[in-house]
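Here the sequence shown is numbered in our numbering, starting from 128 and rising by one per residue.
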Amino acid sequence: MSHKYQPVDFSPVKTYSIKTRNNKVNVQDHFASPPKAGMSFSDVINSMPRLLGADQLRGVVDAVVGAREKGRPVVMAIGGHVIKCGLQPVLKALIDVDAITAVAMNGSAAIHDFEVSLVGATSEDVGAVLHSGDFGFSEETGGGMNRALKSAVKEEEMGYGEAIARCIVDNDHLFKEYSLLAACLEQQIPSTVHVALGTDIIHQHPEADGAVIGEMTFRDFRLLTSVVADLGDGGVWLNVGSAVLMPEVFLKALSIAQNLGYHVDGFSTANFDMIQHYRPLTNVVKRPTSEHGRGYSITGHHEINIPLFAAAVLDRLHKKS
């Protein structure tokens, strides 16, 4: 050999008995139970392994049920993909039993909700129409939503979410039963919409008025800050499918609430998404709960995890009623 190194002799290596080792997983405490035909939903949830994602899901369910038992708020903040996945009936079921007490969403979620209520469909094929200059120019969407905001701006107590909800209800949209905003209006819970100007297709419309849009979404930010200020001592904030805007809105609302002396402590947060991004993990799961609280992360498809979560919550609440 031309170098100085020789293979190491492994014979002096020390070993120990596996029976003396501390293990993170054992069959008594962590393993799943075998599935059986005809299991109830609670049996399914309880049969899952007692670790990792399954434990995170159970933890969020415990937090939500515990919050409502104490009369504390449960807020769901969502991105547009949640609506495009057809989850409004699932979320509406939680609203109807008072398991969700406020809903916050970004602008795209409001647009998809409006379109579904109007024609029972949403989510255009962007690639097919972008180069023709047609993407985002639906007259009913852009015109209808902008006119609703302009009309409602005269009502000082009305924000973006309530304005669109009232437009859906007052105009008797054919599929209004599928609208999350309409469900919030019906149950008289806050529904807020948080917009970054230039991000939504209705900002392309000739009727768009930046001053009106900004005023209406700012009113909702002030309203949401009031909701966030009430999260202490057992409330829950759920971030579902928003990687940037809603986590940032939440962090700023929380900071204002703390600055005003509300000292929001002892609440839980959770982030549901297909990928765990930086902002939700930092601004929702970790930072707000770092002193007194608990943060959870649920990774996977919304169309699977949200119905699982909702069914588990409904099952627990039914057993307690």
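Quick reminder that beta carbons are idealized off the backbone N, C-alpha and C, glycines included.
Note on geometry: alpha-carbon atoms of Thr352 and Glu267 lie some 31 Å from one another. Under the DSSP assignment, Thr268 falls in the alpha helix (DSSP H) whose first and last residues are 266-279. Note on Ser144: under 16 other CB atoms within 10 angstroms of its CB, so exposed under the neighbour-count rule. Within 10 angstroms of the beta-carbon of Glu242 lie 16 or more other beta-carbons, which makes it buried. When the alpha-carbon of Ala439 is set against those of Asn149, Ile172, Pro139, the nearest one is in Ile172. Of the residues Ser265, Ser424, Ala292, the one whose Cα lies closest to the Cα of Ala275 is Ala292. Shown here for Gly361: same chain residues with a beta carbon closer than 7 Å to its own, the five before and five after excluded, namely Gly193, Ala194, Lys197, Arg199, Gly393, Phe394 in chain order. Between the region 182-189 and the region 211-227 there are fewer than three C-beta pairs closer than 8 Å, too few to call the two in contact.
Put simply, of Val246, Arg349, Pro333, Ser235 the residue whose alpha carbon is nearest the alpha carbon of Glu284 is Arg349. Taking Val320 as reference, the option from Phe302, Phe345, His428, Lys303 with the minimal CA-CA separation is Phe345. Note that the C-beta distance between Tyr287 and Met343 is below 7 Å. Here Leu408 has Asn398, Ser424 as same chain residues with Cβ atoms under 8 Å from its own Cβ, once five neighbours each way along the sequence are excluded. Of the candidates Ala335, Gly368, His419, the residue whose Cα lies closest to the Cα of Glu430 is Gly368.
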